[in-house]
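Trainee:
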Amino acid sequence: MIDSMASGAVAADAVIAPELPASEFAAAVAALPLVSVDWVVTNPDGQLLLGQRINAPARGWLFTPGGRIRKNEALAQAMLRVGHCELGLAPDVCRQVLGKARLMGAWDHFYADSAFNASMSTHYVNLPHWLPLTWAEVALLKLPVGEQHSAWQWLPLGDAAQNPLVHPYVRPYAAWGLENFSNAICA
337 MIDSMASGAV AADAVIAPEL PASEFAAAVA ALPLVSVDWV VTNPDGQLLL
387 GQRINAPARG WLFTPGGRIR KNEALAQAML RVGHCELGLA PDVCRQVLGK
437 ARLMGAWDHF YADSAFNASM STHYVNLPHW LPLTWAEVAL LKLPVGEQHS
487 AWQWLPLGDA AQNPLVHPYV RPYAAWGLEN FSNAICA
């Protein structure tokens, strides 16, 4: 799936898929699990990229960049859109780096609140993708501040796996990275 994007099979105009109207999205959040993708990005020093979330759910926590998959949006298209919107990567750069992204599995995320109100819970089935970047690729990041994240930081994987400021759903990603891709960090 992701390999097809790396070869250019996803059109550049596929970056932005249409959003559901707010009322329909709220109904979906109330009734169904959402499917999301995260970019678990590391640099050659073995540090994990984390943004401080502005919005619920997980408001205030350090979290990996990501977003939900929209209706009629292929996984590769979602990864491209999220890479562009959350990391500030140009579509051609997203295609290039996604060729080396590795699916980490499917992870359940349960939240007591939602983007709509504090009493509506949210359930995500998250598909995180491990992405070790080179320094040249790190230099291409244009991390946006203001809409989704108030700040960005790089934390060593070992620290991120235990840091109380890192969301409990992200800490296992860091531990997983230490266990599975310690050799790929310096790719």
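First residue of the sequence shown? That's 337 in my numbering, and the numbers climb one at a time after it.
Ideal Cβ positions, reconstructed from N, Cα and C, are used throughout, including at glycine.
1) Determine the extent of the alpha helix (DSSP H) in which Y505 is found, giving its start and end residues.
2) Tell me the rounded alpha-carbon separation between Q498 and A511.
3) State the Cα-Cα distance for the pair W397 and V481, rounded to the nearest angstrom.
4) Excluding five sequence neighbours on each side, which residues of the same chain lie with their C-beta closer than 8 Å to the C-beta of G424?
5) On the DSSP letters alone, give me the boundaries of the alpha helix (DSSP H) that L434 sits inside.
6) Nearest by alpha-carbon distance to A472: which of A451, V433 and A414 is it?
7) Is it true that the segment 374-384 meets the segment 481-497, where meeting means three or more beta-carbon pairs spaced less than 8 Å apart?
8) Quick one, are the C-beta atoms of T458 and V365 less than 7 Å apart?
9) If you measure between the beta carbons of L463 and V373, is that distance less than 7 Å?
Mentor: Result, derived from the coordinates:
1) Note, Y505: premise wrong, no alpha helix (DSSP H); not H, not E.
2) Rounded to whole angstroms, Q498 to A511 spans 9 Å at the Cα level.
3) If you draw a straight line from the Cα of W397 to the Cα of V481, it comes to about 15 Å.
4) Correct list, in chain order: L477, K478, L479 and P480.
5) From DSSP, the alpha helix (DSSP H) with L434 extends over P427 to L434.
6) Among A451, V433 and A414, the Cα nearest to that of A472 is on V433.
7) Touching, yes, given that three or more Cβ pairs across the two stretches are closer than 8 Å.
8) Yes. Within cutoff.
9) The Cβ atoms of L463 and V373 lie closer than 7 Å to each other.
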